[in-house]
Every structure is written in C-alpha cells, then in structure tokens.
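Participant:
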Amino acid sequence: MDARTARSFIVASAVGGAAIIGAAQAQDGDGNTLVLPDVIVVSPTPVPGASSIDKDKVPAFVSTVTSQQFEDKKSPAVADAITAHVPAAIGINVDGTDLSPDLFYRGFDTSRISGTAQGLAVYQNGVRINEAFGDSTNLDLISPIAIDRVDVFTNNPIFGLNALGGAINFTMKNGFTYHGGEAQVLGGSYGRLYGSVQYGKQVGDYSIYFATDALRDDGYRPFGAQNLQRAYADLGYRTQDSEFHAIGAFSRTWLGVQGTTPLVLVDQQYNSVFTTPQTTNNQAGLVQITGRFDLTPTWSLASNFYYRQFDQYHVDGNDADIANCGDQGGTDGNACLSNDGAFFGHNPNDYQFTNHGQPIPFLGDDFPYGTTAFTATHTQTFGAQEQLTNKDKLFDHTNYFVVGGSVDQSYTHFSSTTTLGQLDPSFQNLFTGFPGSQAVLQTEGNVGFAPVWVHGSATYFGLFALDTLNITNEFAVTAGARFNVANIGLSDVSGQSPDLNSNASYNRINPVVGFTYTASPALTFYGGYSEANRAPTPLESQCSNPALPCVLETALVSDPPLQQVVSHTFEGGARGTLTIPNGYGTLVYNAGVFHITSTNDIVNEASEISGQGFFTNVPETLRQGAELSLQYNYGPVSLYANYAHVDATYQFNGTFSSPNNPFADDDGNIFVRPGNRIPGIPSNLGKFGVTYAVTPQFKVTAEAVVVGDQYYTGDDSNLNPKLPAYYYVNLRATYQATEQIQLFGLINNVTNHRYATFGTFYGTDTSGGNVNATLFNNNPENGGIGDARAVTVAQPLSVYGGFKVTF
C-alpha cells in the first residue's frame, strides 16, 4: 500500500454518512400485517434465496431502490429510478434511446453498447446478465414493474467478474412478496403508449406471480421509434424449512438508436440525425429454478439453476472512407479503403474492395459513399450456483458465514457483414443500384472490412467464502475472497479466417476485508478494502491491433489476448437514522468516500477508418470521490437529496489514437498525462426530490437531476472544451379517485431545457459529394471551421397521463 492510498483509506474510514432504513413488513397465516423492527437486511452474495445480513454489518456503501420507488417513476426504463436514488449512479443516453442508457456508477459503466469498458457486474435473481460476448448489459429487457428491489453493492468481489466498481443485483417479485393485481396505462408525447399488468397471489404453501408490459413510442428524433414487450412469471412453493421457485421470462425490444449528430447540424435542427439506419433488436428468454433448504437450525443451502438465451440484431449505417486505389499506389479506377497514407505494413492493393472476388469501381471523389453493417449475435448460457450459509456462534460471538460456488457456460454464434450504399441528403444509406450497390464489402487484405462468422465460448467458474464476525454487539469484522476462472475461446466457422481461432484463460483470487462499528442507531462507521477483476471478452481479445481495426460489433481480427483488469478499492464512511426532536420527522443519511485504482484497464481507441476502433490495455486509472444520501420524512412531506463527486483520471503517460480529435497530431494521436480526466464521466452529480401529500388522496412530486460537465469521448488529453453541465426537472401528480382507481400525470423536462447528454468527434472531411451543405461548408478543406463535435441530444418537454386500476 503506497502512502497516497493509505492516506485515502484513513480518511475514508473516518468520514461520517448515511443508511436507508425502513420498515419491513410480513404477514401472518391469517393475512394480517405484522410490523417488524426497523432493520433492513441484504444478501451480500448474488445467490437468490440465500440468508441475509443486517445492512449495518456490511462494510461498504450499499444503496437500495425499492419497488415503490420504481412504481413512483411510472417509467418503462429501470435506469430512471436507479439514477434518482443511488447517489453515484447516472443513466446517460449515449445513442438516443432512453430505454437502455449507459448506467454509470462511481465512474464505471455498464452498457448495451459493445466496445464499452464494462466495469459493473449485473444480476437478475442470481442470473448474471452481462452478455458473454462483450460483457454488455441490456437493461431494456428488464421490466420495472416486476422488480421487488435493487441493491447496488460496492467493495464486494463475491459478485464475481466485472465487479470493478460494484454490482447491481435485481431481486424480482413473487407471489409471496406481492399480493393483488393492477393494470396501468400511460400515454402522451411523441406517440408514447405504455401499458402494464401484474398479479400475485398466495394460496397456502403455493404462490403465483405474473407481470407483463408493452410500449410503443415514435421517438423524439426521426427514425427513433421504440417498441417493447416483456413478461415475467414465478411459481413458488414453501414450507417452514424450504422454498422453491420456477421462473420464466421473455423480453423483446426494438430500439431506434440514432447515435450522435454533428453539432453544426444540431444547431440548425435540434432533433436532426446523422447516418441511418441505426436499429437494435434484442430478444431474451429465461428459465430458472431456485431452491432454499434449512439443513439444520443454523445451516441452510441455496441453489440456482438457469438457462438463458439472448439474440441481438444490429443495423448500423455510417459514412464511408473510400478512395481511388490509384491515389494510394494501387490499381487506378478501383475502390479502396482510404488509408490516409498509413499502410501499417500492408500492400496498397490489400485495401482494395472486392465483391465476390471482383474489384468494385470507384465512382469519384464526389460520390457520397455510405456503409451499412449488419450483425447478429445468438448466445445460449447455462448456469448453476450453490451456497451454504451458517449462523452458528463462533467463540460465543454471533457469526455469519457463507461458502459457495458458481459456473456459467455460454456459447455464442456471431456473424457480420457490411454492405456498400449511397448517402442521400438526409444521411440515409440507400441501395440505389450504382456499380457496387449492396455489395458485401471485403478488402483483399481483410483490413477493416471482412465478413465474419465465428463461434465463441466463455466458461466462468467461481468459488467464494465470506465471514462476518461480531466481536461485540457494536463492532463487526468481515473477511472473504472469491476465486475467479475465465476460459474464453473463439473459432472461425467460415473457413476464411483460421487465424481467428484462439483460446485464453484468466484466473485470480480477489480478497475483501472490512469493519463496521455501530456507536448508536444514529451512527455506524464502516471501512473496507477489496479487489476485483474482469477478463477480456472475445470481442476485445480479437480486436486489439491498431493495424487491423474492427468495425465494433462487425468485424474481428486475430490478435494476442489482452490482460485482465484488476481493481483495488478502499472505502469508508458512516450512516444512520436521526430522529428529529419534538416529532419533526426522521432523517436517514449515508455518506462515504472511495478510492479505486484499476490496472490494465481496457479502453476503446478510435481508428483512422470511420466507425472503427481497437482495444488496448492502459497501465493505471483512478476513480475516487465521495457520495452522500439524505432522506427525510415528516408528516405529508418526504424528500431526498443525493450528491456524488467522481474524479476519474488516467495515471500514466501514453499515446492514444483519436484521429477525429481536432488536437490530434498528423498521425491521429493524442497524448495522455497523469491527472487527465477520463472522458464521458461527469465529475459531479446531484439529485433532489420532494413529495407533498396535499390530501391523503392527492400527491405532487418535483424531482431534479443536475449533471456536471464532462470531456468529449475521444478527448483523453483534455484539450477541447467540455460538454457542458446540464439539468432537468420532472413533475408528477397522482390522485387516488377511488380505492381501486388512481389517476396520474407527468411532465418530464418541464423547463424544456435543450442539452446534450453525450459527446464525441466525427471526421469533418467525410462529407463526400456535398451530401449536406452545412457539413460541406464545415469542412476545413472548403474553408470551414471544421467543428468536429458530435452530440446526443436529450428529449425535450414531454407530457404524459394515465390511470392505474388495482384489483
């Protein structure tokens, strides 16, 4: 431990802070409500049905989002409630869909976009839902109405691979936890129509739960329509000493994801788009069996077995870098991939495009070439978990001990092709019958473009143990570890690229230690240290050569495996519940600081070739900061306030490829220094909300989110102006017209604030054929300023209304 890290840990352990404490409820055999003591319990492992522990015994900052908080948001997107109620979490709309934004926590990301550095482990009822091929997560496949609670854990490697910054654990409803039924319908701006139904019932030892929802939305940008259908079902059986659940789920989403748009176009028309089509179709199915058995009064066994299938079809339209081969030393009059004079050791004709082995003619510098990539991913995963829990006393001290293991086996079929098209003035890529139209692109040297058909496999094993010992009633210590093994393989199916065949193995033991000290119900201190790792995915391992970049999600090349990423986390803080004198309510608080260094972080660097990139390890990154959560309740008023500061920086000297960055050198490189901020991560987050019960039937809510400035993705050297900070304010009102009927209304972005949630750079020299006069005039070669900034704009003012019927 170096001096800087030691100082950070000492400070962390001394900080004061907050814990969300609420009343738990249960029912007796007659269905009467019994109010339990004000103690919240959490399960510190992902195994469903396992025994839990008092939240105040967890040596980390733990955030919980309840089913009521998801219900209050009236949103089809799970990230909305997590953003509001987890201080260091923020959902950032990267590519134009609010249903599945990138979800950041403490500067680590979980995203559905391949090529994103995935730093969070995500589980749904014990099933790891980081997809096997790229560790991506598709949160659009989870229905908020079926969620019982979400726990966001930090400092806990027991959750396995990808828990670098933490783990998100979705616990779903069942017929024992949800009774009754409801149907809800919402409609409003941009053609949105959203409906849901859920029903749960317990009959003796048996239970049933079912939920389904569907949405149609035209989108706030052209070609941005979204549709989804989701269903979840649970059949349960329990006795005094056992409980079993059979679970089935199915989800299908169709997302119009329009990505970033050059700022010069946004300035002319706020909702403009750049290069279409851009669509993603996701589909997932799950069959799961869980069980819990009390073996003795102090020993219990929890089991989980599942099968999950995931299918994704992605269409990605782009502009194209195509040149006359003769200008690059090749055959004159044929179309070549533009290499900007950098051959990376290839023969000039290696860049020549072919269609079924025949050269494609070049139609001139003014012809507006475009490309459309088609990718298909089909993954099947089988998994199992077993966990033993013991609550025997140890040396006459209360003790909580778990030991267990898991295995996840995935098989992926991945294919991709890229076809040649023509961009029209609205940037749609069309197949217009020109020579080479709709040709499946392949360069003679397989540089950048080549059809791909591969099989991938990923086998993850894990063994873990965790123990929490109460030295006294107030002081507890925790220690444990997890051993991770990842075996990753890739094989070429086409027979055209045998060099893609590869196998790589990674393993690591990740420890965790910590303590908690409860001075009083108003004050609990905690502190801890842990390590976690993630293994490179097949996508990353086979796309790490800058001389052979990949169209992300579209092409793979042969490369040596990357190194696994390892994080080292120190954190500390305090939490508690304060009762305000004279009956003025209660204040629940949670505050903490964290210091996380990551070695061999995997980053995605841009290529000279439009829409392409490659992965590389970097020596060290640092994410450190503080987070604070406050929740106050008094009579008809309840409010929350959350704040987080995240300082995410590089800790090395190095060179990155970022050819579209205005400050890149002639080779397309930028230079990173220690202390440069990692782009795309806001440094400050603020969330505020207040609900006032005007009458017992009528409630109004105002919520605001403030997001600090951030550097554009691709500006790792921090030389360009930042993407500005932004805010949005939402209003909500509910009226309980009768015992069974509730009416509600929502206004999102009530101030109609126009802002961008994400920014990157585009190539200003790729407006071939004067497709758009604005881009043509922006091109430096034509005397323009060459503004390379491209952004994703947020949804403007939106109004919705609806009703809910309970039965």
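Residue numbering for the sequence shown is -26 to -1, 1 to 781, as defined by mature numbering (1 follows the signal peptide of the UniProt record, and there is no 0).
Note that beta-carbon positions come from the ideal geometry of N, C-alpha and C, so glycine has one too.
(1) My understanding is that Thr253 touches Leu115, with C-beta atoms under 8 Å, so please give their C-beta distance in whole angstroms.
(2) Tell me which residues share the same chain as Asp628 and place their Cβ nearer than 7 Å to its Cβ, disregarding the 5 neighbours each side in the sequence.
(3) Return the residue from the list Phe499, Arg597, Val611 that minimises the CA-CA distance to Tyr563.
(4) Would you mind sorting Asn298 into buried or exposed? The rule is 16 or more other CB atoms within 10 Å of its CB.
(5) Mind the definition here: the segment 270 to 277 touches the segment 224 to 244 only if three or more C-beta pairs lie below 8 Å; say whether that holds.
(6) Count the other CB atoms within 10 Å of the CB of Thr766; is the residue buried (16 or more) or exposed (fewer)?
(7) Compute the Euclidean distance between the alpha carbons of Asn484 and Gly557, then round it to the nearest angstrom.
(8) Report yes if the CB atom of Gly233 is closer than 8 Å to the CB atom of Asp69, and no otherwise.
(9) Just curious, the alpha helix (DSSP H) that Gln43 is in, first and last residue?
(10) So which of Leu368, Glu360, Lys367 has the shortest CA-CA distance to Val377?
(11) In or out: Tyr774 buried (at least 16 other Cβ within 10 Å) or exposed?
(12) Determine the direct distance from the alpha carbon of Lys365 to that of Leu269, and round the result to whole angstroms.
(13) Which residue's Cα is closest to the Cα of Val124: Gly649, Gly501, Cys310, Ala55?
(14) Let me know the secondary structure DSSP gives Lys31 once reduced to three states.
(15) With a threshold of 7 Å on Cβ separation, who are the neighbours of Thr669 within its own chain once the five nearest residues in sequence on each side are excluded?
(16) Going straight from the alpha carbon of Arg456 to that of Asn481, what length do you get?
(17) Which one of Ile721, Gly758, Ala676 has the shortest CA to CA distance from Ala58?
(18) Grab me the residues of Leu443's own chain with a C-beta within less than 7 Å of its C-beta, minus the 5 sequence neighbours each way, in chain order.
(19) In whole angstroms, what separates the C-alpha of Leu693 from that of Asn574?
(20) What's the C-alpha gap between Asn99 and Leu209?
(21) Quick one: residues in its chain with C-beta nearer than 6 Å to the C-beta of Thr391, no 5 flanking neighbours on either side, listed in chain order?
(22) Going by DSSP, what residue range makes up the alpha helix (DSSP H) through Val238?
(23) Tell me the DSSP bridge mates of Tyr491?
(24) Please list the terminal residues of the continuous beta strand (DSSP E) segment that includes His59.
(25) What residue range does the beta strand (DSSP E) around Thr305 cover?
(26) Would Pro75 and Leu189 be called neighbours here (beta carbons separated by less than 8 Å)?
(27) Could you tell me the alpha carbon to alpha carbon distance between Val681 and His569, rounded to whole angstroms?
(28) With DSSP collapsed to three states, give me the class of Asp290.
(29) If you draw a straight line from the C-alpha of Asp639 to the C-alpha of Tyr281, how long is it?
(30) Could you give the residue range of the alpha helix (DSSP H) that holds Leu749?
(31) Check Phe133 in the structure and name its three-state DSSP category.
(32) For Ala618 versus Leu659, is the C-beta distance shorter than 8 Å?
(33) Does the Cβ-Cβ distance between residue 783 and Gly259 come in under 8 Å?
(34) At a cut of 8 Å, does the segment 414 to 423 reach the segment 124 to 141 through at least three beta carbon pairs?
(35) Could you name the residues of the same chain whose beta carbon sits closer than 7 Å to that of Thr748, not counting the 5 residues immediately before and after it, in chain order?
(36) Does Gly757 pass the burial test, meaning 16 or more other C-beta atoms within 10 Å, or should it be called exposed?
Facilitator: Let me lay it out:
(1) Not confirmed; about 16 Å, so no contact.
(2) Per the sequence shown, the amino acid found at residue 628 is Gly instead of Asp. These residues qualify, in order along the chain: Val592, Val646.
(3) Ranking the options by Cα distance to Tyr563, first place goes to Phe499.
(4) Buried, because 16 or more other Cβ atoms sit within 10 Å of the Cβ of Asn298.
(5) The segment 270 to 277 vs the segment 224 to 244: no contact.
(6) Answer is buried; the Cβ neighbour count reaches 16.
(7) Approximately 47 Å between the Cα atoms of the pair.
(8) For Gly233 and Asp69, yes; Cβs fall inside 8 Å.
(9) In the DSSP annotation of this structure, the continuous segment of the alpha helix (DSSP H) that includes Gln43 starts and ends at 41 to 47.
(10) The shortest CA-to-CA distance from Val377 to any of Leu368, Glu360, Lys367 is the one to Glu360.
(11) So Tyr774 ends up on the buried side.
(12) Their Cα atoms are separated by approximately 12 Å.
(13) In terms of Cα proximity to Val124, the closest of Gly649, Gly501, Cys310, Ala55 is Ala55.
(14) Three-state DSSP puts Lys31 in a helix.
(15) There are no such residues.
(16) Going from the Cα of Arg456 to the Cα of Asn481 covers about 10 Å.
(17) Of the listed residues, the one whose Cα sits closest to Ala58 is Ala676.
(18) Here the set comprises Leu368, His371, Asn373, Ala450, Val451.
(19) Straight across, the Cα-Cα distance linking Leu693 with Asn574 is about 24 Å.
(20) Rounded to the nearest angstrom, the two C-alpha atoms are 14 Å apart.
(21) Residues Phe348, Val414, Pro425 of the same chain have their beta carbon placed closer than 6 Å to that of Thr391, with the five preceding and five following residues left out of the count.
(22) Looking at the DSSP string, the run of the alpha helix (DSSP H) that includes Val238 is 237 to 240.
(23) Beta-bridge pairing links Tyr491 to Phe449, Phe499.
(24) Unbroken run through His59 is the alpha helix (DSSP H), 53 to 59; no beta strand (DSSP E).
(25) From DSSP, Thr305 is part of no beta strand (DSSP E); its letter is neither H nor E.
(26) For Pro75 and Leu189, no; Cβs fall outside 8 Å.
(27) Cα-Cα distance, rounded: 21 Å.
(28) Of the three classes helix, strand and coil, the one that applies to Asp290 here is strand, per DSSP.
(29) Their backbone Cα atoms lie some 50 Å apart in a straight line.
(30) 747 to 752 is the span of the alpha helix (DSSP H), which, as asked, contains Leu749.
(31) It is helical.
(32) Taking 8 Å as the Cβ cut-off, Ala618 and Leu659 qualify as a contacting pair.
(33) Nothing about residue 783 can be read from this structure; the chain reaches only from -26 to 781.
(34) Cβ pair count under 8 Å is below three, so no.
(35) Here the set comprises Val238, Leu239, Gln242.
(36) Exposed is the call here.
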